[in-house]
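Q: My structure is below; once you've seen it, I'll send some questions.
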Amino acid sequence: MSTAMPAFEHDIKDLSLAPQGKRRIDWAEREMPVLRLIRERFAAEQPLKGLRLVACAHITTETANLARALQAGGAESLLIASNPLSTQDDVAASLVADCGIPVFAMKGESTDTYRRHVLTALEFAPDVIIDDGSDVVATLIKEKPGHTKNIVGTTEETTTGIVRLKAMQTAGVLTFPSIAVNNAQTKHFFDNRYGTGQSTLDGIIRATNILLAGRTLVVVGYGWCGKGVALRGRGMGANVVVTEVDPIKAVEAVMDGFRVMPISSAAAIGDIFVTVTGNRHVIDGQHFTVMKDGAIVCNSGHFDLELNLVALREMSEAPVQVRPFVEEYKTNKGRRIIVLGEGRLINLAAAEGHPASVMDMSFANQALSVEYLVKNKGKLDPGVHLLPPEVDQDIASLTLRAL
Ligand SMILES: NC(=O)c1ccc[n+]([C@@H]2O[C@H](COP(=O)([O-])OP(=O)(O)OC[C@H]3O[C@@H](n4cnc5c(N)ncnc54)[C@H](O)[C@@H]3O)[C@@H](O)[C@H]2O)c1
């Protein structure tokens, strides 16, 4: 592992928020029994002793508990945000003040600051990178190829990040092993489906205080996240319409009892739209032109590319912020289109992300993936790997016991 490095400071909003952050982190910890067991074992066994670790993640109470578990195992970590709008500033403050972990993240940071933080993370010379969306790994490979030789491996939290890693693997530039945490069953079956399902609606409701019952909710994409949003939307009394480009998933949505149609038809009838595809411009200019007056549009996919907001801006007057995370665009047809959270992950922009009990399984996978990389240092081929299936089974059994 790497030797002595200069101390890294931090770049957060307000250190005085630490006591509130600590209370919230401790509250989340009550709902994370599996991670707690891992933390206790890590504290006793020190499997990460001397490891330099960068985590690019949503800076939430759950991530703070992951950071505390990694620290207990002996890792020296630096944290940055994986999205400019998802940081909880009190959590960032507590990580710095109470745990001595350098954090570079502020809610609402600019794209330039976000990028500066990614570069700072690479200056930390990590042995292991926990990534969420593959921004750190992509920057490392493109801009700092000299730094890749120290990398023991990386872990990836989300679907979109794994799509990017596989593209790097195909291009022959992924020179180290990467664990696809998202692809563990105890991750995407639960986090993507039930976590995104609940927290996306939570974000929409906190931002707008809208009643979902009786509204037409259009869910764009019927993958793991889309299934969760559609299921929970129906549970709240919405009339759910699904749009999906994969015919197999579209049939699945029909058999799950949803109306399925192309976005070109759904655009005119929806009251609320949620995109969860990982794909670009799935709601595009021509769709905005036919939407109802007052239609609400948001995204819960990883990047803020799913809504073509450039096209919407071109056909509208300057947007007016009507509530926090709610912007109203008046189009040249005189209609109002309401965009939530600037088209960024609405569950993290306007709410607190997934509840802790679902992140317990995701972050148990993260902690065990880091340990697996360290134990198998030098033995894994470069490329995308899964954790062994028995780890999934163990996490599920422990969760079941806790529930
Ligand atoms: N908000 C969160 O907290 C959160 C949590 C987990 C994952 N994610 C992100 O959400 C996105 C979706 O993740 P997932 O695990 O559901 O992926 P997935 O691959 O299971 O599902 C995506 C679905 O979108 C469909 N799709 C693609 N383009 C489309 C289009 N133009 N119109 C309609 N459907 C289209 C695909 O066919 C696929 O079925 C990813 O970007 C992922 O990184 C967000």
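So the sequence shown is residues 0 to 402, counted in numbering that gives the first Met the number 0. Each residue gets a CB set at the ideal place from its N, CA and C atoms; glycine is no exception.
1. In this structure, what does DSSP give as the bridge partners for VAL240?
2. Pull up the CB-CB distance for VAL217 and VAL240, whole angstroms please, since I reckon it's below 8 Å.
3. Would you call THR2 buried or exposed, if buried means 16 or more other Cβ atoms sit within 10 Å of its Cβ?
4. Tell me the rounded alpha-carbon separation between ASP393 and ARG334.
5. With a floor of 3 residues, list each beta strand (DSSP E) that falls wholly inside the region 281-347, ordered by position along the chain.
6. Do you know how far the Cα of ALA401 is from the Cα of ILE150?
7. Drop a sphere of 10 angstroms on the beta-carbon of ALA321, count the other beta-carbons inside from all chains shown, and report buried for 16 or more, exposed for fewer.
8. On the DSSP bridge list, what partners appear for VAL383?
9. Considering just the uninterrupted stretch of the beta strand (DSSP E) at ASP97, what are its terminal residues?
10. Do you know how far the Cα of ARG29 is from the Cα of ASP391?
11. What does DSSP give as the partner residues of THR451 in its beta bridges?
12. Check whether the region 190-206 and the region 224-232 touch, using three or more Cβ-Cβ pairs below 8 Å as the test.
13. So, are the CB atoms of SER81 and ASP130 less than 9 Å apart?
14. Should ALA275 and ASN238 be called a contact, given that it needs their Cβ atoms to be closer than 9 Å?
15. On the CB-based measure, 16 or more other CB atoms within 10 Å of its CB, does TRP223 come out buried or exposed?
16. Nearest by alpha-carbon distance to GLY145: which of ASN364, PRO125, GLY49, LEU347 is it?
17. Shorter than 8 Å, the distance from the beta carbon of ASP245 to the closest heavy atom of ligand 1, or not?
18. Does DSSP classify ARG51 as helix, strand or coil?
19. Excluding five sequence neighbours on each side, which residues of the same chain lie with their C-beta closer than 6 Å to the C-beta of ALA71?
20. Can you grab the Cα-Cα spacing for the pair MET0 / THR185, in whole Å?
21. Is there at least one non-hydrogen atom of ligand 1 closer than 8 Å to the beta-carbon of ASP190?
22. Specify, as a first and last residue, the run of the beta strand (DSSP E) that ALA350 falls within.
23. Would you say the beta carbon of ILE295 comes nearer than 8 Å to a heavy atom of ligand 1?
24. I'd like to confirm something about TRP26: is its beta-carbon nearer than 8 Å to some heavy atom of ligand 1, or not?
25. Flag this pair as yes or no: are the beta carbons of ILE140 and THR174 separated by less than 9 Å?
26. Where does MET0 fall in DSSP's three states?
27. Residues in its own chain within less than 7 Å of VAL289 by CB, not counting five upstream and five downstream?
28. Can you determine whether any heavy atom of ligand 1 sits closer than 8 Å to the C-beta of THR199, and answer yes or no?
29. Which residue comes first and which comes last in the beta strand (DSSP E) that contains ALA415?
30. What residue range does the alpha helix (DSSP H) around PHE41 cover?
31. Let me confirm a value: THR157 is counted as buried when at least 16 other C-beta atoms fall within 10 Å, else exposed. Which label applies?
32. Which residues in the same chain have their Cβ closer than 7 Å to the Cβ of ALA310, if we skip the five residues on either side of it in sequence?
33. Quick check: does the Cβ of THR422 come within less than 8 Å of any heavy atom belonging to ligand 1?
34. Let me check you understand the geometry: is the CB of LEU257 closer than 8 Å to at least one non-hydrogen atom of ligand 1?
35. Answer yes if the region 16-30 comes into contact with the region 76-90, meaning at least three C-beta pairs across the two stretches below 8 Å, and no otherwise.
36. In the DSSP assignment, what are the bridge partners of ALA56?
A: Working from what's here:
1. Paired residues: VAL217, ARG258.
2. 5 Å
3. The pLDDT assigned to THR2 is 43, lower than 50, so where the model puts this residue is not dependable; a value taken from the coordinates is nonetheless given after this. In summary, THR2 is exposed, with fewer than 16 beta-carbon neighbours lying within 10 Å of its beta-carbon over all protein chains present.
4. 53 Å
5. 294-298, 319-322, 325-329, 335-339
6. One C-alpha to the other measures close to 35 Å.
7. Per the sequence shown, residue 321 should be read as Val rather than Ala. That one is exposed.
8. SER177
9. For ASP97, there is no enclosing beta strand (DSSP E); the residue is part of the alpha helix (DSSP H) that begins and ends at 88-98.
10. 21 Å
11. For the chain, the structure presents residues 0 to 402; residue 451 sits outside this window and is missing.
12. yes
13. yes
14. Contrary to the premise, residue 275 reads as Val rather than Ala in this sequence. No.
15. buried
16. PRO125
17. Yes, the beta carbon of ASP245 sits closer than 8 Å to at least one heavy atom of ligand 1.
18. strand
19. ARG38, PHE41, ALA42
20. Here the model assigns MET0 a pLDDT of 42, short of 50, so the residue's position is not dependable and the matter cannot be decided.
21. Yes, the beta carbon of ASP190 sits closer than 8 Å to at least one heavy atom of ligand 1.
22. That residue, ALA350, is in no beta strand (DSSP E); it is neither H nor E in DSSP.
23. no
24. no
25. yes
26. Residue placement at MET0 cannot be trusted, given a pLDDT of 42 that sits under 50; the coordinates are not used to answer.
27. ALA266, ALA267
28. Checking every heavy atom of ligand 1 against the Cβ of THR199, one is found closer than 8 Å.
29. For the chain, the structure presents residues 0 to 402; residue 415 sits outside this window and is missing.
30. 32-44
31. buried
32. ASP283, GLY284, PHE287
33. Residue 422 lies beyond the range of the chain shown here (0 to 402); nothing can be said about it.
34. The question names Leu, but residue 257 is Phe in the sequence shown. Every heavy atom of ligand 1 is 8 Å or more from the Cβ of PHE257, so no.
35. yes
36. Looking at the DSSP output, ALA56 bridges to ALA80.
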